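**Student:**
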Ligand code: 13P
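In my numbering, the protein residues as written are 13 to 263.
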C-alpha cells in the first residue's frame with residue numbers, strides 16, 4: 013500500500029493566542045479529507061484553544077515536546093497523558109533545537125519516544141546532521157547513531173504510530189533547503205536502517221518527513237522523491253497560504 017503523505021507544521025515558540033486561533037482556523041478551512049494528512053504543533057499553552065478551533069476538521073493536533081515520566085516533580089515539563097487529554101495525536105521528539113540547543117541526548121530521546129508511543133501518541137522522531145558533520149562525510153554515521161539509539165526497544169504493537177523526520181540542521185531556518193537528491197539519499201538510508209532496527213515491514217510503511225526550509229516552491233520537488241513522505245515545516249507553516257500550498261504539493 014502506498015504511504016499517505018503527512019505535512020506537519022511546527023510553530024515552535026511563535027504566535028500569540030489570537031494568531032494561533034486564526035492560523036489553525038485557516039488551515040482547517042483549507043484542508044479536506046482528500047488532502048494529505050495534516051497536523052499543526054502549536055506552543056503548549058495554545059494546545060487547548062487550538063484543539064477547540066480544529067474540532068470537526070481533518071487537521072490533527074501535535075505537541076512539540078513531552079517528558080518520559082507520567083507525572084511527578086518535573087518542573088516545567090509536560091507528560092504524554094496531559095498531551096492526550098489536551099487533544100494531541102502527535103508529539104515531536106528530538107527536534108534539533110532540543111538536541112543541540114538544550115542538550116537532549118539520544119538515550120533521553122529514546123525514553124521519550126517509548127513513553128509517547130506507549131501512551132498512544134504518534135511520535136514524529138527527528139534526526140539530522142550538523143553542517144560540520146555533513147562536510148566531514150559523517151551524515152550517515154550521525155543518522156545511524158540517532159536512529160539506533162533513539163529507536164531501540166520501542167513498543168512493538170505501536171510501531172505503526174511512528175514517523176521519522178529527517179531535518180538536516182544546516183537547513184533549518186536558514187533558507188538552505190536540501191536538494192531532493194540529498195533528501196532522498198538520507199531518507200533511503202534511514203529507511204534501510206529502520207529495517208534493521210525495527211524490521212522490514214515497519215520500514216516499508218514508515219512515513220519519513222523532510223524538514224528544513226521547506227517552502228511552497230521547494231515542496232513539490234521534495235515530495236516527488238520516492239522515500240520523502242511529506243514535510244515537517246517551520247517558518248512556512250506560520251502563514252496559512254504558504255502552508256496550504258505545501259499541503260497541496262503533497263497531493
Ligand atoms: P524551517 O522550516 O523554518 O526551516 O524549520 C524546520 C523545522 O525545524 C521544522 O521542525
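Just so you know, even glycine gets a beta-carbon here, dropped at the ideal spot from N, CA and C.
On a predicted model such as this, the values are computed, not experimentally measured, just so you know.
Kindly list the residues whose CB is nearer than 7 Å to the CB of residue 232, restricted to its own chain and excluding five residues on each side of it in sequence; keep chain order.
**Tutor:** Around residue 232: 261.
**Student:** Between residue 93 and residue 78, what straight-line distance do the alpha-carbon atoms span, to the nearest angstrom?
**Tutor:** Cα to Cα, the separation comes out at about 9 Å.
**Student:** Within 7 Å: the Cβ of residue 179 and any heavy atom of the ligand 13P?
**Tutor:** Flag set: Cβ of residue 179 near the ligand 13P.
**Student:** If you reduce the DSSP assignment to three classes, tell me which class residue 49 lands in.
**Tutor:** Here residue 49 sits in strand by DSSP.
**Student:** Quick one: what's residue 86 bridged to in DSSP?
**Tutor:** Residue 86 pairs with nothing; no bridge assigned.
**Student:** Could you give the distance in angstroms between the alpha-carbon of residue 247 and the alpha-carbon of residue 188?
**Tutor:** Cα-Cα distance, rounded: 13 Å.
**Student:** Give me the Cα-Cα distance between residue 171 and residue 108, rounded to the nearest whole angstrom.
**Tutor:** Taking the straight line joining both Cα atoms gives about 22 Å.
**Student:** How big is the Cα-Cα spacing for residue 129 and residue 185?
**Tutor:** Rounded to whole angstroms, residue 129 to residue 185 spans 28 Å at the Cα level.
**Student:** Where do the N-terminal and C-terminal ends of the alpha helix (DSSP H) with residue 137 fall, by residue?
**Tutor:** Premise fails: residue 137 lies in the beta strand (DSSP E), 134-139, not in any alpha helix (DSSP H).
**Student:** Please list the terminal residues of the continuous alpha helix (DSSP H) segment that includes residue 59.
**Tutor:** Element bounds for residue 59: 59-66.
**Student:** Is any heavy atom in the ligand 13P found nearer than 7 Å to the beta carbon of residue 22?
**Tutor:** True, at least one ligand heavy atom lies under 7 Å from that Cβ.
**Student:** Give me whichever residues DSSP pairs with residue 107 in a beta bridge.
**Tutor:** Partner(s): none; residue 107 has no beta bridge.
**Student:** Would you mind reading off the limits of the alpha helix (DSSP H) that contains residue 183?
**Tutor:** Unbroken run through residue 183: none, as it is neither H nor E.
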